[in-house]
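*Asks:*
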Amino acid sequence: MTQLQFNHQLNDYSGSLHSFALNFTKDVEDANDLVQDTMLKA
Numbered sequence: 011m012t013q014l015q016f017n018h019q020l021n022d023y024s025g026s027l028h029s030f031a032l033n034f035t036k037d038v039e040d041a042n043d044l045v046q047d048t049m050l051k052a
């Protein structure tokens, strides 16, 4: 998988990840942090 393909796939999932994180944390800032941490570890 190329870096470009990886970035596209990550962008495809970012909305779902953010929705899940917001539902999980009930806080926008915490959800943003959780999504960012998740993407950095991917």
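Per this note's numbering, the very first residue in the sequence shown carries number 11; after that it's consecutive. By construction, the Cβ of each residue, glycine as well, lies at the ideal position given by its N, Cα and C atoms.
1) When we look at the beta-carbon of ALA31 and count the other beta-carbons within 10 Å, is it buried (16 or more) or exposed?
2) For ALA41, does the count of other Cβ atoms within 10 angstroms reach 16, so buried, or fall short, so exposed?
3) Give the DSSP-derived three-state secondary structure of ASP43 in the structure shown.
4) If contacts are defined as beta-carbon pairs under 8 Å, then HIS28 and VAL45 qualify, I think. What distance do you get, rounded to the angstrom?
*Replies:* The answer reads as follows:
1) Position 21 of the sequence shown holds residue 31. Per the 10 Å Cβ criterion, buried.
2) Residue numbering aside, residue 41 sits at position 31 when the sequence shown is read from its first letter. Buried, since its Cβ has 16 or more Cβ neighbours within 10 Å.
3) Here residue 43 is taken as the residue at index 33 of the sequence shown, counted from 1. If DSSP states are grouped into helix, strand and coil, ASP43 belongs with the helices.
4) What you label residue 28 is simply residue 18 of the sequence shown in a count that begins at 1. What you label residue 45 is simply residue 35 of the sequence shown in a count that begins at 1. Their Cβ separation, rounded to whole angstroms, is 5 Å, which keeps HIS28 and VAL45 in contact under 8 Å.
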